[in-house]
């Protein structure tokens, strides 16, 4: 019997090993003969004798080959040995996924990877950091802001002038308009290039060339406004308006680079009017004219009172000349060279803003520039009277993430403070302070009857809005204290109807910020108003609150108002007694209609 086995021999192929000494029985031609006798080939005979000896030169060649392979394997790194193993595929997939994630994070400005920019920029210094930032912006290497902005941060301080986000970039960063699209991608709502012209400003022709290249690239970002800060005399300003006006939406006049004789009084009013007329001749009506007031205005040695007065005068001149806005810059020198300022410099900056807001009665758009560390500083400026804010230095100390962080903090503060939108917060601190002063003066006069008979009366003298949570008027009314005290004016008997409508709208806005939707009804208490006047004012409030979940119901009459308020003002047991009086009345009335009054 012949058995054929396969035996592996390293690097020598395979040989056949034949065992057995005779052929298979039953074959007639080789019956009982040895294998060599019945094999007809030389190869079979060689196999029967054993494997032949390998030539010496071939043995040496194989040894050299094996030695070289061993040396190559010893030099091979651990990484490639792992990649060549059965786990190499998983490792390769993990590495590829890591590269993709890193690329995504580098392209997203909200990623924590971009915090290294701040450390790098602080080591480089402001000017070197600005140069590297513009170098990266020119090559579109900066990350993008992919997060959706809060729609409540959109503000339109003037008709046709809408800022998609209230955070902009001030002049001094991109002086020659080299990387505008990349800077818009960081999330800014508006950019200011320059300064252009003047003694130290950029060349107007260079800026114009870069703006033309931006337009021809078909990569213009549409969700931001572009402005240019320009300086020089009257002729230079008019020339810049003709050249740069069609390319920008905001034309900032840098008063620090304008001759001093043109920066005050009638000269400033006339200069503003001339630029407005030049802008009106451009296609589309031209850009909006905005005055930019330097921080140390009129001079560094001026007292605070003098600076407040000068800011007020410039704001009045800007409004008289037809300008759309005024930029008020933070004083870096007053804070010891720290561009982000200290608490005292930021407080005085807000005082300057409030002074300009009061002088112009909110008709002039104010822009707060500098001294902003976070969203809280930005919101304080807006509550002082600015509509939007500008940052610059913090971009060079924190990196590209600065704009997104400030916007996120502003959105959180807007929701926390209960503002419906950013426009409602503009100047709120000034209005609150003005109201407190007016109320204090009214108390000092002591002539209550004369005030109550005026055409514009103080509804809060006396008037209180009380919030009740009740399912029906038949059940007990749960008085939650004086949750709402109205501080506004109502139209008197001789007042125009428009005044009543305006007051009603303000009342409803205040109610919306004060009462939760769960309130079943809001009862307005007024004592000395006549039934006709009360009906007219209450009807105006009801018309303005038609879409609200709660119902406005009036309860008028001195016999109700005086005892309730007297009881409420008592030191001990007053609130409880007032609650019992109101519950007794509501149980008896069951339902209160517009024309139902207690006339005793």
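Numbering (our numbering), first residue to last: 11 to 610. Cβ atoms here follow ideal geometry from the backbone N, Cα and C, with glycine treated the same way.
If distances are taken between C-alpha atoms only, which option among the options comes closest to residue i?
{"i": "residue 550", "options": "519, 576 and 515", "result": "515"}
{"i": "residue 359", "options": "216, 326 and 305", "result": "305"}
{"i": "residue 379", "options": "286, 388 and 371", "result": "388"}
{"i": "residue 405", "options": "106, 63, 370 and 127", "result": "127"}
{"i": "residue 435", "options": "151, 109, 176 and 115", "result": "176"}
{"i": "residue 401", "options": "193, 186, 214 and 172", "result": "193"}
{"i": "residue 120", "options": "167, 79 and 195", "result": "195"}
{"i": "residue 217", "options": "255, 235, 243 and 198", "result": "255"}
{"i": "residue 238", "options": "224, 257, 246 and 244", "result": "257"}
{"i": "residue 265", "options": "296, 294 and 307", "result": "307"}
{"i": "residue 318", "options": "220, 85, 357 and 99", "result": "357"}
{"i": "residue 415", "options": "373, 106, 118 and 267", "result": "118"}
{"i": "residue 397", "options": "168, 262 and 286", "result": "168"}
{"i": "residue 260", "options": "267, 204, 150 and 95", "result": "204"}
{"i": "residue 245", "options": "431, 208, 200 and 441", "result": "208"}
{"i": "residue 365", "options": "351, 383, 336 and 382", "result": "336"}
{"i": "residue 278", "options": "300, 296, 294 and 289", "result": "300"}
{"i": "residue 438", "options": "242, 376, 393 and 200", "result": "393"}
{"i": "residue 442", "options": "355, 79 and 368", "result": "368"}
{"i": "residue 263", "options": "241, 269, 252 and 274", "result": "241"}
{"i": "residue 372", "options": "281, 440 and 221", "result": "440"}
{"i": "residue 144", "options": "188, 155, 164 and 153", "result": "188"}
{"i": "residue 408", "options": "431, 384, 422 and 425", "result": "384"}
Just grab the DSSP bridge partners of residue i for me.
{"i": "residue 154", "result": "118"}
{"i": "residue 264", "result": "302"}
{"i": "residue 591", "result": "For residue 591, which the question treats as bridged, DSSP gives no partner whatsoever."}
{"i": "residue 376", "result": "336"}
Would you decide whether residue i is buried or exposed? Buried here means 16 or more other CB atoms lie within 10 Å of its CB.
{"i": "residue 210", "result": "exposed"}
{"i": "residue 90", "result": "exposed"}
{"i": "residue 590", "result": "exposed"}
{"i": "residue 291", "result": "exposed"}
{"i": "residue 161", "result": "exposed"}
{"i": "residue 113", "result": "exposed"}
{"i": "residue 611", "result": "Past the edges of the chain, shown from 11 to 610, lies residue 611, and the structure says nothing about it."}
{"i": "residue 131", "result": "buried"}
{"i": "residue 73", "result": "exposed"}
{"i": "residue 159", "result": "buried"}
{"i": "residue 137", "result": "exposed"}
{"i": "residue 65", "result": "exposed"}
{"i": "residue 429", "result": "buried"}
{"i": "residue 548", "result": "buried"}
{"i": "residue 427", "result": "exposed"}
{"i": "residue 420", "result": "buried"}
{"i": "residue 141", "result": "exposed"}
{"i": "residue 309", "result": "exposed"}
{"i": "residue 411", "result": "buried"}
{"i": "residue 468", "result": "For residue 468, the pLDDT reaches just 30, beneath the cut-off of 50, and the residue's location in the model is therefore unreliable, although a value from the coordinates is still provided. Residue 468 should be labelled buried."}
{"i": "residue 68", "result": "exposed"}
{"i": "residue 97", "result": "exposed"}
May I ask which residues mark the beginning and end of the beta strand (DSSP E) holding residue i?
{"i": "residue 398", "result": "398-401"}
{"i": "residue 337", "result": "335-339"}
Counting along the chain, where does the alpha helix (DSSP H) carrying residue i start and finish?
{"i": "residue 423", "result": "411-427"}
{"i": "residue 385", "result": "385-394"}
{"i": "residue 329", "result": "314-331"}
{"i": "residue 144", "result": "136-148"}
{"i": "residue 309", "result": "Unbroken run through residue 309: none, as it is neither H nor E."}
{"i": "residue 363", "result": "353-370"}
{"i": "residue 291", "result": "Taken as a continuous stretch (DSSP letters only), residue 291 belongs to no alpha helix (DSSP H), as it is neither H nor E."}
{"i": "residue 63", "result": "Careful: residue 63 lies outside any alpha helix (DSSP H) and carries neither H nor E."}
{"i": "residue 259", "result": "Counting along the chain, residue 259 falls outside any alpha helix (DSSP H), and DSSP gives it neither H nor E."}
{"i": "residue 430", "result": "No alpha helix (DSSP H) holds residue 430; DSSP gives it neither H nor E."}
Task: Inside the segment 158-244 only - alpha helix (DSSP H) runs reaching at least 4 residues - done: 190-194 and 214-226
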